[in-house]
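To convert, note that position 69 of the sequence shown is 69 in the UniProt record's numbering; the numbers rise steadily by one, no gaps.
Ideal Cβ placement from N, Cα and C applies to all residues, glycine included.
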Amino acid sequence: MRKLVIPKYYGRPSIGLALFGCTNRPFYHVCVFPDRALGRRYESNILEQVGTFDPLPNQKNEKLVALNFGRLKYWIGERNAHISVPVLELLGLSGLFPIHPKSFIRAKDNRQLIADQQLKIAAEAAEAEKIAEEQSSSSQPQ
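Written out as structure tokens, the structure is:
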């Protein structure tokens with residue numbers, strides 16, 4: 001799967017996600033590509049696979065990530081590889097880099113969405129309680 005990359009012919013290597021898996025069941029390989037411009041769907045364009053990422057939660061509601069930190073440090077430090085934003089987010093969550101700002105934004109949006117859902121459920125419960133109270137008071141003889 002590895003092949004010799006001559007920097008004269010290719011630009012700076014990049015680290016990104018290569019989509020593998022099936023329809024409705026994505027699975028990503030964290031791979032090193034010779035250049036950002038080359039296609040990411042073909043195994044012949046991959047220099048080295050340095051990890052995997054399973055975006056669908058398993059039975060314990062976990063998204064699995066496996067990374068080879070030694071090889072990542074080599075490609076980032078010695079070969080000056082460009083890192084895509086999704087991989088930067090994964091590396092931030094794993095502790096190799098600072099947490100990416102997109103992760104903070106996504107967490108804030110998720111917290112706001114959960115809070116809105118809880119408010120909606122509470123409002124529906126209060127409305128149902130009010131209707132039940134009105135029905136019970138109207139059904140009592142005076």
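Helix, strand or coil for residue i, going by three-state DSSP, please let me know.
i      : result
Arg12  : coil
Ala48  : The question names Ala, yet the displayed sequence has Glu at residue 48. Glu48 falls in the strand class under three-state DSSP.
Pro57  : coil
Arg111 : helix
Ala125 : helix
Phe97  : coil
Lys66  : First, the amino acid is wrong: residue 66 is Ala here, not Lys. Strand, per DSSP.
Ala18  : strand
Glu133 : helix
What are the boundary residues of the alpha helix (DSSP H) that includes residue i?
i     : result
Pro86 : Val85 to Ser94
For the beta strand (DSSP E) that residue i lies in, which residues bound it at each end?
i     : result
Arg25 : Arg25 to Phe33
So, under 8 Å CB-CB, residue i and residue j are touching, yes? Tell me the CB distance rounded to an integer number of Å.
i     : j     : result
Lys63 : Asp54 : 6 Å
Leu47 : Pro34 : 6 Å
Leu17 : Val32 : That belief does not hold up - the Cβ atoms of Leu17 and Val32 are roughly 11 Å apart, past 8 Å.
Val65 : Gly51 : 7 Å
His82 : Arg12 : 6 Å
Ser94 : Leu67 : 6 Å
Assign residue i to buried or exposed, taking buried as 16 or more other Cβ atoms, counted over all protein chains shown, within 10 Å of its Cβ.
i     : result
Leu91 : buried
Val87 : buried
Ser14 : buried
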